[in-house]
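In full-length UniProt numbering, the protein residues as written are 1 to 71. Beta carbons: idealized from backbone N, C-alpha and C, even for Gly. Down below is the structure, laid out as structure tokens.
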């Protein structure tokens with residue numbers, strides 16, 4: 001588990017960036033009544049969640065490592 005713990009935060013950040021990169025490439029359709037159907041819209045808020053959780057995990061792991069080094 002220790003090997004994966006240092007990469008967990010950056011992997012979450014990378015997943016958030018990938019969601020933002022993929023979102024514009026999902027096709028958007030407008031139906032006959034004028035409603036927009038955007039099936040990839042969920043990728044934008046999901047990318048924010050991945051990105052912020054990756055930053056939080058990275059900060060927590062870094063702080064834990066520094067505090068353990070001091071003791």
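For residue i, three-class secondary structure by DSSP
i: residue 36; result: strand
i: residue 25; result: helix
i: residue 8; result: helix
Rounded Cβ spacing between residue i and residue j (contact assumed at less than 8 Å)
i: residue 43; j: residue 22; result: 6 Å
Residues near residue i in its chain [Cβ-Cβ closer than 8 Å; skip 5 each side]
i: residue 17; result: 47, 51
i: residue 36; result: 28, 29, 30
Of the listed residues the options, nearest to residue i (C-alpha basis)
i: residue 20; options: 40, 70, 59, 33; result: 40
i: residue 4; options: 67, 63, 68, 57; result: 57
i: residue 10; options: 69, 45, 53; result: 53
i: residue 25; options: 38, 71, 7; result: 38
DSSP beta-bridge partners of residue i
i: residue 30; result: 36
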